[in-house]
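*Asks:*
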Amino acid sequence: MSDANKKNYECKASSTQNECESHPHHPHITLGKIITKIPVVLAELTLQVNLDAFIDFPEPVLEIKDVKKHIKLTQCRLLLPTNKLFVKGYVRKNIQYASPSKEIDQSTARSVASDLHSFTVDVPFQCVTEIKHFLTAPVLPEVNKRSEFDFLVSKPLPTGFPEKDEFQSSDLSQFHQESTQHYNELPFCELISSKIIEWDEAVDREHLPNGGPLGEGFFTKIEEKMVVDITLKVLQNQQIRVSSTTNDAHHCDCDECS
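Just so you know, we're using numbering that gives the first Met the number 0 here: the sequence shown kicks off at 0 and counts up by one.
1. Regarding residue 33 and the ligand SAM, is the C-beta to nearest heavy atom distance less than 8 Å?
2. From this set, 96, 111 and 82, which residue's C-alpha is nearest residue 102's C-alpha?
3. Could you tell me if residue 159 is buried or exposed, where buried requires 16 or more neighbouring beta carbons within 10 angstroms of its beta carbon?
4. Compare the C-alpha of residue 34 against each of 188, 247, 240 and 125 and name the closest.
5. For the region 83–98 against the region 110–127, are there 3 or more C-beta pairs whose distance is under 8 Å?
6. Between 32, 181 and 144, which lies nearest to residue 243 when the distance is taken from Cα to Cα?
7. Measuring alpha carbon to alpha carbon, tell me which of 174, 131 and 128 ends up nearest residue 146.
8. Since residue 322 sits in a beta bridge, which residues does DSSP pair it with?
9. Just how far apart, CA to CA, sit residue 49 and residue 224?
10. Going by DSSP, what residues sit across from residue 128 in a beta bridge?
11. State the DSSP-derived secondary structure class of residue 116, mapped to helix, strand or coil.
12. Among the residues of its own chain, which have a CB less than 7 Å from the CB of residue 98, if the five just before and after it don't count?
13. Who are residue 54's beta bridge partners in DSSP?
14. Looking at residue 229 and residue 265, is the spacing between their C-beta atoms short of 9 Å?
15. Kindly indicate which three-state DSSP category residue 60 falls into: helix, strand or coil?
16. Out of 227, 221 and 236, which has the shortest C-alpha to C-alpha gap to residue 53?
17. Classify residue 245 as helix, strand or coil using the three-state DSSP reduction.
18. Comparing C-alpha positions only, which one of 189, 166 and 165 sits nearest to residue 74?
19. Which residue comes first and which comes last in the beta strand (DSSP E) that contains residue 172?
20. Looking at the structure shown, is residue 28 part of a helix, part of a strand, or coil, going by DSSP?
21. Just the C-alpha distance for residue 136 and residue 127, rounded to the nearest angstrom, thanks.
22. When burial is assigned at 16 or more other CB atoms within 10 Å of the CB, is residue 180 buried or exposed?
23. Quick check on residue 253: buried or exposed, where buried means 16 or more other Cβ atoms within 10 Å of its Cβ?
24. For residue 234, which three-state DSSP category applies?
25. Report the option in 79, 214, 21 and 44 whose CA atom is closest to the CA atom of residue 134.
26. Put residue 184 into one of helix, strand or coil per three-state DSSP.
27. Per DSSP, what kind of secondary structure is residue 199 in: helix, strand or coil?
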């Protein structure tokens, strides 16, 4: 097909944003006393983790411009049937800093040339805390069971025993067992909020090698102290009974109708 004919078969699509009407749809509701399975809040708590860590930079740092922090949880496990909560995670830190750059210009008594870089590091933490008050009691795990049982076996006795007697016991060549497994609901966590108070301080600060303005220097290592407050929910899927009394679209509570 020639180029001229191809142009005749080109498909040009156009799209416009049109207004479309919508109307409320009244959902169907099952009436009566209903058993449902939903996440139930077992506890809400704020735990505090104290951290002291050292961070090594890949290059000399003139000064830190900004630090952005985020909490990353990797484990939050309520160890049933105890009330101990095991928490693991990281504080993700993105550190924006200025680094002296000889390629831009040499340092003088009045100026220092620098590049803006960033460095991201994860500071790990872990702790164990005790849940002293449950908003809702957790459903404790059912224990698996295994039980062995045997059958009576009667056999004639060999020569040397009275003929009226017989050997009675269980058959050692057979094994019988009843086992029961329970698949329990595992509690889980949801992060609500976090607060971090930190103190960062250089531990190897030196003067610029070629001189520079008064008070200027560089470092490659900082010590940081952090107090981390983490607020979270501990939940567990449980079966509860709810009551559904009406499917009337115009029904409302007394407070709403007043």
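Even for Gly, the Cβ is constructed at its ideal location relative to N, Cα and C. Predicted, not measured: the structure shown is a model, and the values here were computed from it.
*Replies:* If we stick to the structure as given:
1. What this structure holds is no ligand at all, so the ligand SAM is not there to describe.
2. Nearest C-alpha to residue 102 among 96, 111 and 82: 111.
3. Exposed, because fewer than 16 other Cβ atoms sit within 10 Å of the Cβ of residue 159.
4. Nearest in C-alpha terms to residue 34, of all of 188, 247, 240 and 125, is 240.
5. The answer is yes - the region 110–127 touches the region 83–98, with three or more Cβ pairs under 8 Å.
6. The shortest Cα separation from residue 243 among 32, 181 and 144 belongs to 32.
7. Measuring from the Cα of residue 146, the nearest candidate turns out to be 174.
8. This structure cannot settle anything about residue 322, because the visible part of the chain is limited to 0 through 257.
9. When rounded, the separation of the alpha-carbon atoms in residue 49 and residue 224 is 8 Å.
10. Per DSSP, the beta bridge partners of residue 128 are 84.
11. If DSSP states are grouped into helix, strand and coil, residue 116 belongs with the strands.
12. If you ignore the 5 residues before and after residue 98, its C-beta comes within less than 7 Å of the C-beta of 58, 59, 60, 61, 113, 114 and 116, all in its own chain and listed in chain order.
13. 221.
14. Residue numbering for the chain in the displayed model covers 0 to 257; residue 265 lies beyond these limits and cannot be assessed.
15. When DSSP states are grouped into helix, strand and coil, residue 60 belongs to the strand group.
16. Nearest in C-alpha terms to residue 53, of all of 227, 221 and 236, is 221.
17. Under the three-state reduction of DSSP, residue 245 is assigned to coil, being neither helix nor strand.
18. With respect to the C-alpha of residue 74, the residue from 189, 166 and 165 having the closest C-alpha is 189.
19. For residue 172, there is no enclosing beta strand (DSSP E), as DSSP gives it neither H nor E.
20. Coil, per DSSP.
21. Each residue's alpha carbon lies about 20 Å from the other.
22. The residue in question, residue 180, is exposed, as its Cβ has fewer than 16 Cβ neighbours within 10 Å.
23. For residue 253, the pLDDT reaches just 49, beneath the cut-off of 50, and the residue's location in the model is therefore unreliable, although a value from the coordinates is still provided. It is exposed - the Cβ of residue 253 has fewer than 16 other Cβ atoms within 10 Å.
24. Three-state DSSP puts residue 234 in a strand.
25. Proximity to residue 134 across 79, 214, 21 and 44 peaks at 44, based on C-alpha coordinates.
26. Residue 184 falls in the coil class under three-state DSSP.
27. Secondary structure at residue 199: strand, using DSSP grouped into helix, strand and coil.
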